[in-house]
Structures are given as C-alpha cells and as structure tokens.
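K.L.:
Here it is, the structure in full.
2 protein chains.
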Amino acid sequence: MSLRHGLLGILAEGPASGYDLARRFTEVLGSIWPAQHPKIYAELGKLAGEGLVEVESEGPRRRKAYRITDAGVAEVKRWLTDVEVDHTMRLQPMLRSLFFWLMETDELRRHLEAEARYYRELADRYRDYAARKDRGEFGYSVQTQSMRVTIEAAVRLYTSLADWADWAQTVPPAQPAPEQ
Amino acid sequence: MSLRHGLLGILAEGPASGYDLARRFTEVLGSIWPAQHPKIYAELGKLAGEGLVEVESEGPRRRKAYRITDAGVAEVKRWLTDVEVDHTMRLQPMLRSLFFWLMETDELRRHLEAEARYYRELADRYRDYAARKDRGEFGYSVQTQSMRVTIEAAVRLYTSLADWADWAQTVPPAQPAPEQ
DNA sequence: CGTGCACCTGTCCCGAGGGACATGTCAAGA
DNA sequence: TCTTGACATGTCCCTCGGGACAGGTGCACG
Numbered sequence: 028m029s030l031r032h033g034l035l036g037i038l039a040e041g042p043a044s045g046y047d048l049a050r051r052f053t054e055v056l057g058s059i060w061p062a063q064h065p066k067i068y069a070e071l072g073k074l075a076g077e078g079l080v081e082v083e084s085e086g087p088r089r090r091k092a093y094r095i096t097d098a099g100v101a102e103v104k105r106w107l108t109d110v111e112v113d114h115t116m117r118l119q120p121m122l123r124s125l126f127f128w129l130m131e132t133d134e135l136r137r138h139l140e141a142e143a144r145y146y147r148e149l150a151d152r153y154r155d156y157a158a159r160k161d162r163g164e165f166g167y168s169v170q171t172q173s174m175r176v177t178i179e180a181a182v183r184l185y186t187s188l189a190d191w192a193d194w195a196q197t198v199p200p201a202q203p204a205p206e207q
Numbered sequence: 028m029s030l031r032h033g034l035l036g037i038l039a040e041g042p043a044s045g046y047d048l049a050r051r052f053t054e055v056l057g058s059i060w061p062a063q064h065p066k067i068y069a070e071l072g073k074l075a076g077e078g079l080v081e082v083e084s085e086g087p088r089r090r091k092a093y094r095i096t097d098a099g100v101a102e103v104k105r106w107l108t109d110v111e112v113d114h115t116m117r118l119q120p121m122l123r124s125l126f127f128w129l130m131e132t133d134e135l136r137r138h139l140e141a142e143a144r145y146y147r148e149l150a151d152r153y154r155d156y157a158a159r160k161d162r163g164e165f166g167y168s169v170q171t172q173s174m175r176v177t178i179e180a181a182v183r184l185y186t187s188l189a190d191w192a193d194w195a196q197t198v199p200p201a202q203p204a205p206e207q
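If you read the sequences in order, they're chains A and B.
Going by the working numbering, the letters in the first sequence line up with residues 28 to 207, in that order.
Going by the working numbering, the letters in the second sequence line up with residues 28 to 207, in that order.
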C-alpha cells in the first residue's frame, strides 16, 4: 500500500489535483512506480475521508485540488522512518532470462538487442533529465534535490540493465565442459 | 500472468513437485520474482487442467511431481518469443527516495546506510553464486548457463543500487542556489 | 456557431499477490 | 511410545493493480 504514501509525499510539495498527480506519476515515476488514474482518485477519496488531505479548491472543469494536512505530513514521515522498506522486485525480463536456453540463438540475439536498446533509451532519458536538473533548470529546492537522487537511481539501474543485455550476448549459448 | 510461465519454464528442465518449485522460487528467484506456495499449487492445478503439465508420479507424503507436456513447452516458447516483455518495475526504495527531503538528516543517513548494506549483501550473495557456477559446481548444462546470466543481472542490479545508496549520502541535503 | 479535443473525474470488474490458517505424513530422537 | 519437526499440499480472504468504460467541461479553431 505505497500509493497512498506516494500521493501524500507528492502533495507534501504543494496542492495538486488528481489529474496533476496522475501526470506526475506517469511522467516522473512511470517506469519506477506506475499508477493509474482510477486508483489515484479512489485513494484521494479515502485520504480525504481520513483527514490526511483536504480539498483546497474547486477549479474549472470540476477540477478539485487537494492539500495535505498536518496529519498527512505526519503520516508520510512516519512511513518514511518507522515502516520497514519493502524491497520486493518483480522483473519479468530477469525471469525470462532464466529460460533463454529455450530460445533459438538468433531469437535470443534479437531479444537481447531489443532489451539493450530499450534500457539504453530509458537511461539516456533520465540522464538528460539529470543534466537539466544539474544545469538548474528546475531550481534548487530540497524537493528537486531529492528528485535528482531518484533520477540518479534510474540512470544507474537502466544503464546496468542495458550493459547486462549487451554482456549477455557475449555469453556462449552452451558452454562445453572444460577439460581439467 | 508470468507465474504460469515461470512454472512452465522451470518444469521444462525436468519434473518437480509444487514443493520443489516453491523452494526454487524462494531460493533463486526470491528477490527477483517472489511467489508463494498457495499460488503455485493453484496454478499447477490450472496448468494440469489445460494439459500443459501432467502428474508424473505420486511419492510419499502426498507428494505429486509434475512433468511438462509438449503443449506446455510450446506455450513457454510462444511466451518467450511472441509475447511482449513487461518492463514494469515497482521499486519502493526509489519511490521513497523522492521524499528524502521530508526526513531528518541523520534519519536519512541511517536509512541510506541500511539500504547500502542490504543491497551489498544481496550482491555478494549472488556474486558468490556466480563464482561457484563459474567454478563448475553446478555443471555446464544450458540451463545453468542461463541461470548464470540471470545471476549476473542480479549482481549488477544490486551492486548499482548499493553504489547508488552510497552516492546518495554524498549529496548535500539542500543545495543552496548557485551564484551566477 | 458548432464541433472536436484536451481536460478532469470517476465506476466497475477481473485477476494477481500477500498472508493467515488448516491438514496430512513420514522420520528421527527422547 | 510419544512427540517434534521437516515435508508436502492445499483453502480462504482481502487488497492491490490493470484496464475497459463512462460522463461532464471549457477552449480553440474552423
């Protein structure tokens, strides 16, 4: 149940509508913590019911902006410091790699090339983001400083996955038993 | 719905019981693709119903070993080559990093140290695994060759996350605006 | 003036995942 | 003989996530 804390954390930066939050999730967090708008609206409703956020204003087009309450801020902080980190990962590409031996050699090559391309592209995108941040394009608030750290993780993660896919192509399909 | 293909893929190596599969999932795949035994037994039942696996033998203690069928092998291969890779990631530690600015400086330091330790330990475990594989402890079958590739991904992934946690500690908590 | 489109907020259903709980079985050791 | 514990298989329930579907609103452009 991290979506609620993800929303609270972003709202801690300032008021936002469900639509804003959905966009921020897909833009910045899309590849790291996907969230669909239906869940966001539902969760915002619950959060409001619990007094962790409140409606700040109602704008045009039925737009409702939410503001985090003191209780909400306290709750994110509690989560950040007291709740144990969930390290669960579920990476289908790595699960698939266990079964590479079932694939034809050139199917595998095509697959690994595509994977490398995919990860390299994502890494580049985040690297570019980081560079723009370092140039000061997004200011120097503590919030963007934290985002810089998150982006760095993405750059490193995707770069190492791209490198891995490249490396995997150099591994012989079936290594013969070595002569002792 | 990757659990079914994960099970099929492992069964492609040879017959196994639900218990065996559960163990393999927690031992090798625990940190990459977690799966609880209730789901495994349920999925095996479904797979048997669809003719993708069949009961090979019934041993002591109600043990039922399953064997993959030709249709099952065809299905994994179809999945590997025809079904698009799901690159979804959901990394709570990275989501949390977006909110580091909400944490006290020394809370954050403790957190990052713990994270680095955690990832370093996992990386070491997999690195050790890889070394044993390279020494030939697990033989030189195509299956272990694929597992070697998977393990390499884990090593690289966890190493880069550990490095990231170390790096994050060197980032100043709140960077002041630079004088132009 | 109209109409299309981006904006904005939802409902609903289904399948997957997490975790507590239940049950039966064989072997080893007190 | 009794009991503990590892082996082995399952049920049940609840929540979360994915995705299809729906509906109302203001603006820009022809």
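C-beta: ideal position from N, C-alpha, C; glycine also.
1) Specify, as a first and last residue, the run of the beta strand (DSSP E) that glutamate 81/B falls within.
2) Please list the residues of the segment 169–186 of chain B that have a C-beta atom closer than 8 Å to any C-beta atom in chain A, keeping them in chain order.
3) Could you tell me how far apart the beta carbons of glutamine 196/A and tryptophan 128/B are, in whole angstroms, since I believe they sit closer than 8 Å?
4) Would lysine 160/A count as contacting chain B if we go by Cβ distances under 8 Å?
5) Residues of the segment 103–130 of chain B with a CB closer than 8 Å to any CB of chain A: list them in chain order, please.
6) Which parts of the segment 30–100 of chain B are runs of the alpha helix (DSSP H), unbroken and 4 residues or longer, counting only runs that do not cross its ends?
7) Using a Cβ-Cβ distance under 8 Å, would glutamate 134/A count as near chain B?
8) So, are the CB atoms of tyrosine 185/A and tyrosine 156/A less than 8 Å apart?
9) With 16 as the cutoff for other CB atoms within 10 Å, does glutamine 172/A come out buried or exposed?
10) Please decide whether aspartate 193/B counts as near chain A, where near means a Cβ-Cβ distance under 8 Å.
11) Leaving out five residues on either side along the sequence, give the residues of the same chain with a beta carbon under 7 Å from the beta carbon of leucine 30/B.
12) Tell me where the alpha helix (DSSP H) around tyrosine 153/B begins and ends.
13) Shorter than 8 Å from the beta carbon of aspartate 47/B to some beta carbon of chain A?
14) Using a threshold of 8 Å, state whether the C-beta atoms of phenylalanine 126/B and leucine 107/A are closer than that.
15) For valine 182/A, does the count of other Cβ atoms within 10 angstroms reach 16, so buried, or fall short, so exposed?
16) For tyrosine 145/B and chain A, any beta-carbon pair shorter than 8 Å?
17) Establish whether the CB of aspartate 155/A and some CB of chain B are separated by less than 8 Å.
18) Quick one, which of Ser44/B, Glu54/B, Thr53/B has its alpha-carbon nearest alanine 75/B's?
19) Flag isoleucine 67/A as yes if its beta-carbon sits less than 8 Å from any beta-carbon of chain B, otherwise no.
20) Contact defined as beta carbons within less than 8 Å: I believe serine 187/A pairs with valine 176/B. What is the distance between those atoms, to the nearest angstrom?
21) Tell me which residue opens and which closes the alpha helix (DSSP H) that threonine 197/A is part of.
P.N.:
If we stick to the structure as given:
1) It spans 80–85 - the beta strand (DSSP E) in which glutamate 81/B sits, taken as one unbroken run.
2) Look at the segment 169–186 of chain B: the residues with a C-beta under 8 Å from a C-beta of chain A are Val169, Gln170, Gln172, Ser173, Met174, Arg175, Val176, Thr177, Glu179, Ala180, Ala181, Arg183, Leu184, Thr186.
3) The beta carbons of glutamine 196/A and tryptophan 128/B sit about 40 Å from each other, so the pair does not count as a contact at 8 Å.
4) By this cut-off, lysine 160/A is not an interface position.
5) Along the segment 103–130 of chain B, the positions whose C-beta sits under 8 Å from a C-beta of chain A are Val103, Lys104, Leu107, Thr108, Val112, Asp113, His114, Thr115, Met116, Arg117, Leu118, Gln119, Pro120, Met121, Leu122, Arg123, Ser124, Leu125, Phe126, Phe127, Trp128, Leu129, Met130, read in chain order.
6) Here the runs fully enclosed are 30–38, 45–54, 64–76.
7) At least one chain B Cβ lies under 8 Å of glutamate 134/A.
8) It is not a contact, given that the beta carbons lie outside the stated cut-off.
9) Glutamine 172/A should be labelled buried.
10) Interface flag for aspartate 193/B against chain A is unset, since no Cβ pair is found closer than 8 Å.
11) Listed in chain order, the non-local C-beta contacts of leucine 30/B below 7 Å within the same chain comprise Ala62, Lys66, Glu70, local neighbours out to five positions each way being set aside.
12) Unbroken alpha helix (DSSP H) run through tyrosine 153/B: 132–161.
13) Contact with chain A is absent for aspartate 47/B, since none of that chain's Cβ atoms lies less than 8 Å from the residue's Cβ.
14) Yes; because the gap between Cβ atoms is below 8 Å, this pair is in contact.
15) Buried, because 16 or more other Cβ atoms sit within 10 Å of the Cβ of valine 182/A.
16) For tyrosine 145/B, at least one C-beta of chain A is nearer than 8 Å to its own C-beta.
17) Output row for aspartate 155/A: interface = no.
18) Closest option to alanine 75/B, Cα to Cα, is Ser44/B.
19) For isoleucine 67/A, the answer is no, since every Cβ of chain B falls outside 8 Å of its Cβ.
20) About 14 Å separates the CB atoms of serine 187/A and valine 176/B; that is not less than 8 Å, and the two are not in contact.
21) Here the alpha helix (DSSP H) through threonine 197/A covers 169–197.
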